[in-house]
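One structure is given below, encoded as structure tokens.
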Amino acid sequence: MDSNTNTEEKKPSFIKRLQKFFYQTKDVYSTLTDENYRHNKHLNKTIVNFNFINDYKTAKDFFSINLATKRGVTPELKTIYQKYKTKELYLNKNEKITPLGHIKFKSNSNSVRLINFGITKNNAIKVSYQNIEGVPLWSKFNPKQFKDIIKHIQPKENEILSIDKNFFDKDLNSLDKEKINELNQKFNTIVINSIEQNHYLKKDTLLLNEKIINEPKQYEGRIIKLPGFQNGKDAYHILKESNDNHVRFMTLNKPKGINDHILLNKQELKDINKDPITIVSQLNKNIYLGQNLNNERRIGVKANQEIKWMKDDEFLKEKTISNDYKKDIIKTIQNRNFLDERTLKVYDNIIVKQKYGTGELYAAQKNDPSSKFIPITNKELDAIKSGIAKRQDNTIILDPKKSNNKLQL
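Residue 21 in our numbering sits at position 21 of the sequence shown, and the numbers go up by one each step.
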């Protein structure tokens, strides 16, 4: 008796069966009266080929019809429905991300990897390493993860790995120019890091030379360093195209106010290539230490946004600087008491450099002219790299959300 009673209790009641039938009928009616469904009348036929399904709405309609009728849902239809449902979810998420730009990695002229970047309403950077049906899968930009992915990108055998970039400034029209420039600088930093963190890109980057100047066609698409091109510093460019008179470059580390593309004639390229100087250190506001391709020392004096480079004896004859000051500069150089600009790294709002010759670490506040470089330890550098450190006066203050400690310097 008990067993029969339990069996009866497990059976759906008449009311529940009626409710189920009502909702199934309502679902079918809703679908059948839908304008989109009526437009696709073939949905009401027995379908073997599902090629006509190319969006979530169609997949959902057909799935509902088959679910509510004797036809039933086949495994193939279920797979198609789940595919477009997932795509719809990513499309909805994608609407909240504004495109920022992309980096394309190419083996010779063929694309081997495309990485998309976007920003949220709060200007947080998002990255997409893959997509579904052309829809980017966004995630938070993590520099460590980015580095790990970048270093494993490689060209096909016996081919050259190159890079291309596109910054979508037109998609950022709703932002003010200052914010766009700030995002552009961040994007450029990511692009340069891509080159410096990938073995093949570094290996295949060329320094401007006579052969490139005379036969630019052979180097189209290659990453070229123009020595001392940006305020005495080497600048990464992509040689985009050339003719008998001019060579067009795309600037990868574009500073504020400089166009993405530059057009140079052969004479201008020869002038750039003539005894190019790389800045080693900024000794004070207007005095620089540099080095040419033969590792010969040069001292630069900045005036009217131009740096005039001189040998030591020429510098000592410079009439615009007092003799005592010139001697102090030479003494500073001889004692190696300066920071090496070539070791410069930027971590959020902190700049880190190494002392020339010793490798000792120094840090200063970014975009703060009054901030002076002060020595830091390797442990403090780790805190800066992890993004939990902020500098104030002579103290690096760890982010209070992550730590209550202070690193006294």
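We treat Cβ as the ideally placed atom computed from N, Cα and C, and that holds for glycine.
Please go through the same chain and pick out, in chain order, the residues whose beta-carbon is closer than 6 Å to the beta-carbon of residue i, but skip the five residues on each side of it.
| i | result |
| --- | --- |
| residue 106 | 162 |
| residue 356 | 336, 338, 340 |
| residue 197 | 147, 150, 151 |
| residue 269 | 213 |
| residue 156 | 107 |
| residue 418 | Given a span of 1 to 409 for the chain in the structure shown, any question on residue 418 remains unanswerable. |
Between which residues of its own chain and residue i is the CB-CB distance below 8 Å, once the five residues before and five after are set aside?
| i | result |
| --- | --- |
| residue 209 | 273 |
By Cβ distance, which residues of its chain are closer than 7 Å to residue i, with the 5 residues on each side in sequence left out?
| i | result |
| --- | --- |
| residue 373 | 339, 353, 362, 363, 364 |
| residue 420 | Beyond the ends of the chain as shown, which are 1 and 409, falls residue 420; an answer cannot be given. |
| residue 131 | 137 |
| residue 253 | 188, 192, 235, 236 |
| residue 257 | Its pLDDT being 49, under 50, residue 257 is placed unreliably in this model, and the value from its coordinates should be taken loosely. The answer is none, since no qualifying residue turns up. |
| residue 332 | 283, 338 |
Can you tell me whether residue i is buried or exposed? The criterion is at least 16 other CB atoms within 10 Å of its CB, across all chains shown.
| i | result |
| --- | --- |
| residue 191 | buried |
| residue 136 | buried |
| residue 134 | exposed |
| residue 199 | exposed |
| residue 96 | exposed |
| residue 288 | buried |
| residue 15 | exposed |
| residue 109 | exposed |
| residue 111 | exposed |
| residue 375 | exposed |
| residue 124 | exposed |
| residue 360 | exposed |
| residue 17 | exposed |
| residue 383 | buried |
Are the C-beta of residue i and some C-beta of chain B separated by less than 8 Å?
| i | result |
| --- | --- |
| residue 363 | Protein chain content of the structure displayed is limited to a single chain, and chain B is not contained in it. |
In terms of DSSP beta bridges, what is residue i paired with?
| i | result |
| --- | --- |
| residue 280 | Partner(s): none; residue 280 has no beta bridge. |
| residue 306 | 303 |
| residue 206 | 224 |
| residue 267 | Residue 267 is not bridged to any residue. |
| residue 376 | 361 |
| residue 287 | 301 |
| residue 262 | 249 |
| residue 355 | 339 |
| residue 236 | 225 |
Relative to the alpha-carbon of residue i, which residue among the options has its alpha-carbon at the smallest distance?
| i | options | result |
| --- | --- | --- |
| residue 385 | 367, 351, 123 | 351 |
| residue 298 | 312, 304, 307 | 312 |
| residue 166 | 216, 215, 250 | 250 |
| residue 245 | 227, 226, 334, 265 | 265 |
| residue 206 | 225, 215, 217 | 225 |
Checklist line | Length-filtered (3 minimum) beta strand (DSSP E) runs lying within the region 113-176 | finding: Complete beta strand (DSSP E) runs here, min 3: 125-128, 161-167.
Next item on the list: Let me know the beta strand (DSSP E) ranges lying completely inside the region 293-352, each 3 residues or longer, listed in chain order.
Entry: Considered as a whole, the region 293-352 harbours 297-303, 306-310, 339-347 as its complete beta strand (DSSP E) runs of no fewer than 3 residues, in chain order.
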